[in-house]
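When the letters of the sequence shown are read in order and numbered with full-length UniProt numbering, they come out as residues 1 to 286. Shown next, in structure tokens, is the structure this report addresses.
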Amino acid sequence: MLILPVLIYYVVFHYVPMYGIIIAFKKFQPLKGILGSSWVGFRYFEEFFTAPYFWRLLKNTLLLSFYSLVWGFPAPVIFALLLNEVRHKLYKRLVQTVSYLPHFISIVVIAGMVVSFTGLREGIVNQALVLIGMEPINFMAEPGWFRTIFVGSGIWQGFGWGSIIYLAAIAGIDPQLYEAAEMDGAGRWTRMWHITIPSLIPTIVIMFIMQMGHLMDIGVEKVLLLSNPLTYETADVISTFVYRRGVLNQDYSFATAVGLFNNVINLILLISVNALSRRLSQSSLW
Numbered sequence: 001m002l003i004l005p006v007l008i009y010y011v012v013f014h015y016v017p018m019y020g021i022i023i024a025f026k027k028f029q030p031l032k033g034i035l036g037s038s039w040v041g042f043r044y045f046e047e048f049f050t051a052p053y054f055w056r057l058l059k060n061t062l063l064l065s066f067y068s069l070v071w072g073f074p075a076p077v078i079f080a081l082l083l084n085e086v087r088h089k090l091y092k093r094l095v096q097t098v099s100y101l102p103h104f105i106s107i108v109v110i111a112g113m114v115v116s117f118t119g120l121r122e123g124i125v126n127q128a129l130v131l132i133g134m135e136p137i138n139f140m141a142e143p144g145w146f147r148t149i150f151v152g153s154g155i156w157q158g159f160g161w162g163s164i165i166y167l168a169a170i171a172g173i174d175p176q177l178y179e180a181a182e183m184d185g186a187g188r189w190t191r192m193w194h195i196t197i198p199s200l201i202p203t204i205v206i207m208f209i210m211q212m213g214h215l216m217d218i219g220v221e222k223v224l225l226l227s228n229p230l231t232y233e234t235a236d237v238i239s240t241f242v243y244r245r246g247v248l249n250q251d252y253s254f255a256t257a258v259g260l261f262n263n264v265i266n267l268i269l270l271i272s273v274n275a276l277s278r279r280l281s282q283s284s285l286w
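What follows is the structure in structure tokens.
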């Protein structure tokens with residue numbers, strides 16, 4: 001009975017709304033409703049796949065996701081490993097607190113800070129470049145810099161909070177393993193390499209699988225806040241396209257079809273990586 005409210009919540013707010021997916025296969029008209037709208041089959045999927053902007057959207061989405069995964073996923077793991085080696089308790093707690101804070105800052109504030117720091121005239125980054133004799137760079141107007149700014153700011157905001165689960169996993173390691181290794185003459189880095197990291201592998205694998213299940217999901221708010229017409233070439237992704245087509249143009253059926261395509265890719269990646277992980281490491285979600 002205790003779990004009943006949770007089940008009701010998921011059914012009402014997660015499973016029942018999935019009924020609306022069928023408008024991806026209909027020419028949805030609000031006055032006629034979902035059931036009254038006419039069926040069009042895979043028309044919107046075909047239109048999206050054959051559109052001239054399809055490959056650009058897919059490329060930008062995959063590159064942003066790939067860079068975020070390659071650079072962002074290891075960051076909390078490395079931070080947790082290094083923080084675990086800090087012996088001064090007060091300093092360790094201070095570092096933990098400071099690293100967690102960016103997670104609670106609004107994405108609007110984060111974007112404002114990024115724009116301020118990278119400003120052409122008064123930005124700290126460009127002032128530093130001028131001091132060392134380099135020319136200032138208009139970061140927010142250069143398409144080539146958008147991905148670096150997007151991924152870098154994401155890592156800064158999330159690595160501290162993301163390290164919590166790894167620190168918890170490290171805390172669960174049997175201290176006797178470290179004591180025995182220390183008695184055998186193993187140094188700090190040797191103990192980390194042969195005890196801590198192997199003990200973290202199952203947690204890392206599970207988190208990686210879950211991350212792959214969201215590979216195509218890029219926060220539309222952050223992209224909209226950091227991008228502008230000058231960076232449209234590299235900043236326009238599937239999520240921003242769905243926002244424009246669905247919310248601004250009110251083409252709900254087409255936007256739903258594109259969003260469904262995005263979610264199907266995520267599902268395929270999740271199932272594939274989970275199956276591969278179960279075969280190679282014996283660790284999986286199911």
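Here a beta-carbon is modelled for each residue, glycine too, at the ideal position from N, C-alpha and C. Being a predicted model, the structure only gives us computed values, none of them experimental.
- Contact check for F139 against I149 passes: the beta carbons are separated by less than 8 Å.
- As DSSP reads the structure, Q29 sits in a beta bridge with G33.
- Between F54 and G219, the alpha-carbon positions lie close to 19 Å from each other.
- Non-local beta-carbon contacts of F254 in its own chain, meaning distances under 6 Å to residues more than five positions away in sequence, involve Y44, R245 in chain order.
- Separation of the CB atoms of T234 and R147 is rounded to 6 Å, and the pair is thereby assigned contact status at 8 Å.
- For W39, the pairing in a beta bridge is given by DSSP as K26.
- Taken through DSSP and simplified to helix, strand or coil, M216 comes out as coil.
- In this structure, H103 sits near G158, with a CB-CB distance shorter than 8 Å.
- Counting of Cβ neighbours within 10 angstroms places K89 among the exposed residues, the total staying below 16.
- Closest option to S163, judged by alpha-carbon separation, among L177, Y100, V242, V205: Y100.
- Non-local C-beta neighbours of S281 in its own chain, meaning closer than 6 Å and more than five positions away in sequence, comprise V205, ordered along the chain.
- Within a 10 Å sphere around the beta-carbon of D174 sit fewer than 16 other beta-carbons, which makes this residue exposed.
- Between the region 179-197 and the region 58-65, the count of C-beta pairs closer than 8 Å stays below three; the two stretches do not touch.
- Within the model, the alpha-carbon separation for V12 versus M18 is close to 10 Å.
- Of the other Cβ atoms in all chains shown, fewer than 16 fall within 10 Å of the Cβ of S106; this residue is therefore exposed.
- Looking from the CA of K222, the closest CA among L82, M210, D236 belongs to D236.
- Here I78 is exposed: its Cβ has fewer than 16 other Cβ atoms, across all protein chains shown, within 10 Å.
- Annotation: the continuous alpha helix (DSSP H) that includes W55 extends over 54-67.
- Taking a cut-off of 8 Å on C-beta distances, the region 258-277 touches the region 209-217, as three or more cross pairs fall below it.
- In the three-state reduction of the DSSP assignment, T190 falls in the helix class.
- Counting only runs of 3+ residues, no beta strand (DSSP E) is found wholly inside the region 100-137.
- Around the Cβ of S272, a 10 Å sphere holds fewer than 16 other Cβ atoms; the residue is exposed.
- Distance check between I265 and each of D251, H214, G144 places H214 closest, using alpha-carbon atoms only.
- L83 is the residue among A181, L83, V98 whose C-alpha sits nearest the C-alpha of Y166.
- Membership of N274 in the alpha helix (DSSP H) is indicated by the continuous run 252-280.
- Distance check between L285 and each of L226, P202, Y232 places P202 closest, using alpha-carbon atoms only.
- Taking C-alpha positions only, V6 is separated from A80 by approximately 32 Å.
- By the Cβ neighbour-count rule, F25 is buried, with 16 or more other Cβ atoms within 10 Å of its own.
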